[in-house]
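Asks: One structure, as structure tokens, below. Some questions next.
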Amino acid sequence: MADEGDQATTTTTSVEEPLDLVRLSLDEKVCVKMRNERELRGRLHAFDQHLNMILGDVEETITTIEIDEETFEQIYRPTKRQIPMLFVRGDGVILISPLAKQS
Amino acid sequence: MLFYSFFKSLVGKEVVIELKNDLSIAGTLQSVDQYLNVKLTEVQVLDPEKYPHIQSVTSAFVRGSVIRYIQLPPDDVDTQLLQEATRKEITQPRKE
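Quick mapping for you: the protein sequence lines, in order, are chains C and P. For the first sequence, the UniProt record's numbering gives the first residue as 1, with consecutive numbering after it. For the second sequence, the UniProt record's numbering gives the first residue as 1, with consecutive numbering after it.
Structure, rendered in structure tokens:
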């Protein structure tokens, strides 16, 4: 008799929910856009449903926009920082995107 | 509960917490709870400019919701274990 076998919790998914798409990026380099014009690029090691994350080999880019008083032109000033291992709290995350790997 | 368990395994390690108001606090992780509130001991000033006048604070309790980042010692993090735990966590039915 064929057993359906899908009653126990398995790790295969037929329906792709948004978090399943993030799961595909585990151990891959991702780009995380955060609040306050911050961007992180690093390797995704862990995350949960709140989008709390652990990223490795992270480069953080903070972009500040200064406005020249006279010309009123906007000057983009990005500052970068390297952090070897980082926990990121999910409430600051806007989006997560995979970075294309060239193999 | 993934990150709660993860931080429990990091008790005793040195971390740097960056808060949402841009303050950075370094210290030794003493305890953590389910909300990821954090207690630190041996608190040190890292960046004097971004730091208030906390001179002789030995212990600090930080509410989880005000944390932006926690910088971790890379050698104390088992990335393989984290990835496996994440795969298992995500396929569990979430709280409804």
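Positions of the beta carbon are idealized from the N, C-alpha and C atoms, including for glycine. Note that the structure is predicted; figures quoted are calculated from it, not measured.
#1: Just grab the DSSP bridge partners of residue 47 of chain C for me.
#2: Tell me, please, which residues DSSP counts as bridged to residue 59 of chain P.
#3: Is the CB of residue 69 of chain P under 7 Å away from at least one CB in chain C?
#4: So for residue 100 of chain C, helix, strand or coil by DSSP?
#5: State yes or no: is the C-beta of residue 66 of chain P within less than 7 Å of the C-beta of residue 19 of chain P?
#6: Ordered along the chain, which non-local residues of its own chain (more than five positions away) have a Cβ less than 6 Å from that of residue 137 of chain C?
#7: Under DSSP, the beta strand (DSSP E) around residue 89 of chain C begins and ends at which residues?
#8: Determine the closest residue to residue 81 of chain C out of C:42, C:18, C:19 and C:50, with distance taken between C-alpha atoms.
#9: Name the residues in the segment 78-89 of chain P whose C-beta lies less than 8 Å from a C-beta of chain C; which are they?
#10: Output the distance between the C-alpha atoms of residue 95 of chain P and residue 24 of chain P, rounded to the nearest integer angstrom.
#11: Work out the CA separation of residue 81 of chain P and residue 93 of chain C for me, nearest whole Å.
#12: Output yes or no for whether 7 Å exceeds the beta carbon distance between residue 90 of chain P and residue 19 of chain C.
Replies: With the given structure in hand:
#1: C:53
#2: P:41
#3: yes
#4: coil
#5: yes
#6: Residue 137 of chain C cannot be examined here, being either before or after the span of chain C that is shown, 1 to 103.
#7: From DSSP, residue 89 of chain C is part of no beta strand (DSSP E); its letter is neither H nor E.
#8: C:42
#9: 79, 82, 83, 85, 86, 87, 88 and 89
#10: Since pLDDT at residue 95 of chain P reaches only 49, below the 50 mark, its modelled position is unreliable, and the value read off the structure follows with that caveat. Each residue's Cα considered, the two are about 33 Å apart.
#11: 23 Å
#12: yes
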